[in-house]
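Numbering (the numbering used here), first residue to last: 320 to 562. Inspection log for the structure reproduced underneath, given as structure tokens.
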């Protein structure tokens, strides 16, 4: 593991030297949570492909360069599905000066699937927001990168972490930006739905792919776009951009 590894190195990185009580903690530039669809509409093969595509993206020179330009980047991931069951969560990883991305990529690859069922986007977003609310997490920009192939399942449940509406309200309260990648192989209007119902925040945007095969290239383009400080500074409203 690199010197910027997981939670313990994170605490060292985000605290000031000397008397910690006398000065506020240093903040990362970006805290990014990937919220990855693991609902029943995603086959085991597609699930593995998503993991490998994202892991490969964080080994890509262009993405590492984008993270260097962004500054200190904190990374985590949530795998979501049916809201009546727990989501899966990775630890936090810190990338500084381009170092640390490989640890995150390996953690993604090692993750074993335990999520299935309905497409409860709200629960996935809520879990990502919980991740961004963990003690000691401090960043100038809070971003959720959500990818999915369907709309929120509107079926009454006995227990559910949160509805999409509830998650959106919390997103607004926390000042989090949500960007979406719509895998619209069966729903050509999915990108419009994500743009209206999911995406939020300054510079929030939607990208679209027509099949899982296009996912690998799209996730790279999406990461480069949302990590770019220049993009965040120049865009002040939602945009929906087809890939």
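Ideal placement from N, C-alpha and C gives every residue a C-beta, glycine not left out.
**Asked** Under the rule that 16 or more other beta-carbon atoms within 10 Å means buried, what is residue 491, buried or exposed?
**Response** The sequence position of residue 491 within the chain shown is 172, counting from 1. Answer is exposed; the Cβ neighbour count stays below 16.
Taking 9 Å as the threshold (C-beta atoms), are residue 389 and residue 530 in contact?
As a working note, residue 530 is residue 211 in the chain shown. As a working note, residue 389 is residue 70 in the chain shown. No, these two residues do not count as a Cβ contact at 9 Å.
Query - Sequence-distant residues of the same chain with beta carbon closer than 6 Å to residue 421, five excluded per side - result: Translated into the one-based positions of the chain shown, residue 421 becomes position 102. So the list is empty, once near-sequence residues are dropped.
Which runs of the beta strand (DSSP E) fall wholly inside the segment 349-427 and span at least 3 residues, in chain order? 392-399 and 412-414
Please report the distance separating the alpha-carbon of residue 445 from that of residue 451. The sequence position of residue 445 within the chain shown is 126, counting from 1. The sequence position of residue 451 within the chain shown is 132, counting from 1. Cα-Cα distance, rounded: 10 Å.
Apart from the five residues on each side of it in sequence, which residues of its chain come closer than 8 Å, Cβ to Cβ, to residue 453?
The residue you call residue 453 lines up with position 134 of the chain shown. Once the five neighbours on either side are set aside, the close Cβ partners of residue 453 are 411.
Express the C-alpha separation of residue 474 and residue 372 in angstroms, rounding to a whole number. On the chain shown, residue 372 is found 53 positions in, with the first residue counted as 1. On the chain shown, residue 474 is found 155 positions in, with the first residue counted as 1. Those two C-alpha atoms are separated by around 31 Å.
| Beta-carbon proximity of residue 535 to residue 368, cut-off 9 Å | On the chain shown, residue 535 is found 216 positions in, with the first residue counted as 1. On the chain shown, residue 368 is found 49 positions in, with the first residue counted as 1. Contact flag set, yes.
task = Examine the Cβ distances between the segment 460-474 and the segment 421-430 and report whether three or more of them are shorter than 8 Å.
result = no
Of the residues 497, 350 and 504, which one's Cα is nearest the Cα of residue 414? Taking the first residue of the chain shown as 1, we reach residue 414 at position 95. Ranking 497, 350 and 504 by Cα distance to residue 414 puts 350 first.
task = For residue 479, decide whether its Cβ has a neighbour in chain C, counting only Cβ atoms nearer than 9 Å.
result = In summary, chain C is missing from the structure at hand, where a single protein chain is found.
Neighbourhood of residue 508 by C-beta, 8 Å cutoff - its chain only, sequence neighbours within 5 removed:
If you number the chain shown from 1, residue 508 lands on position 189. Taken in chain order, the list of residues that qualify is empty.
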